[in-house]
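Engineer:
There are 2 protein chains.
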Amino acid sequence: METVGQIIRAKRETLRLLLRQVAAYLDIDQAVLSKIERNERKPSKENIIRLAEILKFDKDELMIQFMSDKIAYEIAAEDCAERVLKVAEKKVKYLKTHPIKN
Amino acid sequence: METVGQIIRAKRETLRLLLRQVAAYLDIDQAVLSKIERNERKPSKENIIRLAEILKFDKDELMIQFMSDKIAYEIAAEDCAERVLKVAEKKVKYLKTHPIKN
DNA sequence: TTACATTTGACAATAACTGTCAAGTAAATT
DNA sequence: AATTTACTTGACAGTTATTGTCAAATGTAA
Numbered sequence: 000m001e002t003v004g005q006i007i008r009a010k011r012e013t014l015r016l017l018l019r020q021v022a023a024y025l026d027i028d029q030a031v032l033s034k035i036e037r038n039e040r041k042p043s044k045e046n047i048i049r050l051a052e053i054l055k056f057d058k059d060e061l062m063i064q065f066m067s068d069k070i071a072y073e074i075a076a077e078d079c080a081e082r083v084l085k086v087a088e089k090k091v092k093y094l095k096t097h098p099i100k101n
Numbered sequence: 000m001e002t003v004g005q006i007i008r009a010k011r012e013t014l015r016l017l018l019r020q021v022a023a024y025l026d027i028d029q030a031v032l033s034k035i036e037r038n039e040r041k042p043s044k045e046n047i048i049r050l051a052e053i054l055k056f057d058k059d060e061l062m063i064q065f066m067s068d069k070i071a072y073e074i075a076a077e078d079c080a081e082r083v084l085k086v087a088e089k090k091v092k093y094l095k096t097h098p099i100k101n
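As they're listed, the protein sequences go chains A and B. Under numbering that gives the first Met the number 0, think of the first position of the first sequence as 0, with each following residue one higher. Under numbering that gives the first Met the number 0, think of the first position of the second sequence as 0, with each following residue one higher.
1. Step through the CB atoms of chain B and report whether any lies within less than 8 Å of the CB of Asp59/A.
2. According to DSSP, is Lys100/B part of a helix, a strand, or is it coil?
3. For Ser43/A, would you say it is in contact with chain B, using Cβ-to-Cβ distances shorter than 8 Å as the test?
4. To which residues of the same chain is Arg40/A closer than 7 Å at the C-beta, ignoring the five residues directly before and after it?
5. Whole angstroms is fine: what's the gap from Arg8/B's alpha carbon to Leu50/A's?
6. Does Arg11/B get closer than 8 Å to chain A when you measure Cβ to Cβ?
7. Consult DSSP for Ala71/A and reduce its assignment to one of helix, strand or coil.
8. Since Leu54/A contacts Arg15/A with CB under 8 Å, what's their CB separation in whole angstroms?
9. Using a C-beta to C-beta distance shorter than 7 Å, which residues of chain B count as neighbours of Ile74/A?
10. Does DSSP classify Ala30/B as helix, strand or coil?
11. In angstroms, rounded to a whole number, what distance separates the CA positions of Asp26/A and Gln29/B?
12. Residue range of the alpha helix (DSSP H) that Arg19/B falls in?
13. Any idea what DSSP makes of Glu45/A, helix, strand or coil?
14. So which residues of chain A does Ala51/B contact, with C-beta pairs closer than 8 Å?
15. Among Met62/A, Asn38/A and Asp68/A, whose alpha-carbon lies nearest the alpha-carbon of Leu94/B?
16. Hey, Glu36/B and Gly4/B: beta-carbon distance below 8 Å or not?
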């Protein structure tokens, strides 16, 4: 299974872009991008948006990979992980069909 | 749809316990518990474990509610939320069936 | 060697998390 | 009415997590 980091690195290399170039576009130090690609750091949401732009990813798809990574990572240790996702799904559906009270 | 806070408050009241009493068991100030019950603060994982004990909840079930709340909250705003959960599910399954490299 | 790309680790600024405390409100009791 | 009790509120503080910088180290190719 591919990690977000691997996906990013593969695409960057395909496009023949340097860490330096992509990092500049993201407005971060290349050290951070290097770590992101090796899954030593997690990208911020802003990083993902910019990455999708410069690497010509489908914007939603990269965000989906990013967020699902985050979620999977935070619950994988629980043995009730699958059930957590099922319940979360119900809650999301509920939230989407009901007005947000403010 | 019931929030974790609502579930906790309802059960505490059924058991005729005071904020003060439950908070002492959790080893936190009652102000925090008050806020947790009104969804103004999120409980820590430790809080959830102790709450399950004193309020006689099934431990897993309360943890599921807690974690699914957290996840639903963090992705509800995205319109690809459902898909994120599907992908997360696959990733969790993958992580569970593959040894964790260290 | 020199030059370039990447990696590494120490550090810093900021934000988020988790709790304390004291003062406030509201309802019931004396 | 005054007191007591339960809860709420907001300011604050300590700790941890997040997000980035920087300089030096490493790897790689001319």
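Positions of the beta carbon are idealized from the N, C-alpha and C atoms, including for glycine.
Structural biologist: Walking through what the data contain:
1. Yes, its Cβ sits closer than 8 Å to a Cβ of chain B.
2. Low per-residue confidence applies at Lys100/B: pLDDT is 41, beneath 50, and the placement is therefore not dependable, though the value from the model is reported in the following sentence. Residue state for Lys100/B is assigned as coil, using DSSP reduced to three classes.
3. no
4. Val31 and Lys34
5. In a straight line, the C-alpha of Arg8/B is about 44 Å away from that of Leu50/A.
6. So, not an interface residue.
7. helix
8. About 12 Å; that fails the 8 Å criterion.
9. Met66 and Val91
10. helix
11. As the crow flies, the alpha-carbon of Asp26/A is around 44 Å from that of Gln29/B.
12. Leu18 to Leu25
13. Glu45/A carries a helical assignment under DSSP once its states are collapsed to helix, strand and coil.
14. The premise fails here: Ala51/B is roughly 13 Å from chain A at the closest Cβ pair, so nothing lies under 8 Å.
15. Asp68/A
16. In contact: Glu36/B and Gly4/B (Cβ atoms closer than 8 Å).
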